[in-house]
Structure formats: C-alpha cells, structure tokens
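Q: When you line the sequence shown up against the working numbering, it's residues 1 to 183, in that order.
Before I ask anything, let me first share the structure, which is written out below as structure tokens.
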Amino acid sequence: MARVINALIIGNVIWDVVDTFVPTVNMLVNYGGKEIITGCDLKPSILNDPPAIHISGGRCNDLYTLVMIDPDSPSPCDFNMREFLHWVVINIPGGSDGVSRGYEVVPYLAPNPQVGVHRFVLVLFQQHSLLRGICEMNTRARFCTRDFSRDHNLGPPVAAAFFNCRRERQGRNMNPGTSHERK
Numbered sequence: 001m002a003r004v005i006n007a008l009i010i011g012n013v014i015w016d017v018v019d020t021f022v023p024t025v026n027m028l029v030n031y032g033g034k035e036i037i038t039g040c041d042l043k044p045s046i047l048n049d050p051p052a053i054h055i056s057g058g059r060c061n062d063l064y065t066l067v068m069i070d071p072d073s074p075s076p077c078d079f080n081m082r083e084f085l086h087w088v089v090i091n092i093p094g095g096s097d098g099v100s101r102g103y104e105v106v107p108y109l110a111p112n113p114q115v116g117v118h119r120f121v122l123v124l125f126q127q128h129s130l131l132r133g134i135c136e137m138n139t140r141a142r143f144c145t146r147d148f149s150r151d152h153n154l155g156p157p158v159a160a161a162f163f164n165c166r167r168e169r170q171g172r173n174m175n176p177g178t179s180h181e182r183k
C-alpha cells in the first residue's frame, strides 16, 4: 500500500484532491480487462464503460462510497472547473466484486479530455452507516471531494487510485479510436 500512497503523492492527488491518509482496504480498478496501476496512462477509447471495482480487506458488512473526479478540468493549465465529477456510487457492500450492488447517485461519465494530460482519480470512503438523502448533483463542475466527505460524515479515504489520460489523436489514414502514440 505504500507504493500506492507514493504514487498518489508524486501525482499530486494527495494535496490536490485528498489529504494524506492511511489505506485500510485494497481497491482494484479494472478497465476492459486491464488492471489499473496507480499513475498509469490510459486511452479514452477503453474508458467508455465504468470500470470493474473489487474491494477487499474490509468486512462484508462494511459500506463504501466511490467518487471519481478529474482535478485537471478543463485543462491542466486552466483547472477552473476543478474538480469535475465523473461518478458517485454510495452504499457499496464490502467484499463486493463491483459497484453494481451500490446506488449510483451520479451516473458514470467516460473520461474524454480535450487538452493536455488529465488525472482521473477514484477515491473510496468507508461509510459509518447507510447513506440516504444524497441528491443528484446540480452540476459536475467544481465538485470538491473533501467537502463531499465532510458533508456526508465519511472521514478520510480508505483507498484511492488514479490514471492519466489524454485525447487520442486521429489521422486521415487511421480508424477512429486509434492513436499515433507509442504503446
């Protein structure tokens, strides 16, 4: 877990999005059959569907909240919409192999950065009780993970991961969804 914290510090996720925390559960994030290593680079073409999330290390009766944001919106040089909200799922049962057993408060919005390299951050919180009365957000722009945690009495994160993503370039002789970038 120290490797994950180090990557979160190096990627400025700790400070920009969350404060320092001690991970207490494991969260595996999988996009299209590919396990996400914190800090890796992903192409938007594989991010169309929500990731599979596996939570382990907690108790089966624990409940969790998952938040996914882009702290670099609309661009890393002009992040005046920080944080842009991509997904919120609450009441996820511990030991579950996915967030499908939780309640999706904000539907998944696939990452599709237009300018620069963006960090996409998934933060997992342990709930103290069943969350009720969380309304859909009026806007996805200028969300604040810290405020959300405080407003819903979630405390510090128990796990987090992030990946980098940039717009895929398309050429005249290329199929949509392919890239000139090296693999």
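Ideal Cβ placement from N, Cα and C applies to all residues, glycine included.
It should be emphasised that the depicted structure is a prediction, and the values quoted were computed from it without experimental measurement.
(1) Whose C-beta lies closer than 7 Å to the C-beta of G11 among residues of the same chain, with five residues either side of it excluded?
(2) Evaluate contact between the segment 136 to 149 and the segment 83 to 92, counting only Cβ atoms and requiring at least three cross-stretch pairs below 8 Å.
(3) Can you say whether I188 is buried or exposed, counting buried as having 16 or more other CB atoms within 10 angstroms of its CB?
(4) Within 10 Å of its beta-carbon, does S73 have 16 or more other beta-carbons around it, so buried, or fewer, so exposed?
(5) Three Cβ pairs or more, each shorter than 8 Å: is that satisfied between the segment 18 to 38 and the segment 107 to 116?
(6) Let me know the beta strand (DSSP E) ranges lying completely inside the segment 41 to 129, each 3 residues or longer, listed in chain order.
(7) Rounded to the nearest angstrom, what separates Y103 and L124 at their Cα positions?
(8) Answer yes if the segment 40 to 54 comes into contact with the segment 146 to 160, meaning at least three C-beta pairs across the two stretches below 8 Å, and no otherwise.
A: According to the structure data:
(1) The residue given as residue 11 occupies position 11 in the sequence shown. In chain order, G39, R119 and F162 place their CB closer than 7 Å to the CB of G11, counting only its own chain and leaving out the 5 sequence neighbours on each side.
(2) yes
(3) The first residue shown for the chain is 1 and the last is 183, placing residue 188 beyond what the model contains.
(4) Position 73 of the sequence shown, counting from 1, holds the residue named residue 73. S73 comes out buried.
(5) no
(6) 52 to 56, 63 to 70, 84 to 93, 103 to 106 and 118 to 127
(7) Indexing the sequence shown from 1 puts residue 103 at position 103. Indexing the sequence shown from 1 puts residue 124 at position 124. Whole-angstrom Cα-Cα distance: 14 Å.
(8) no
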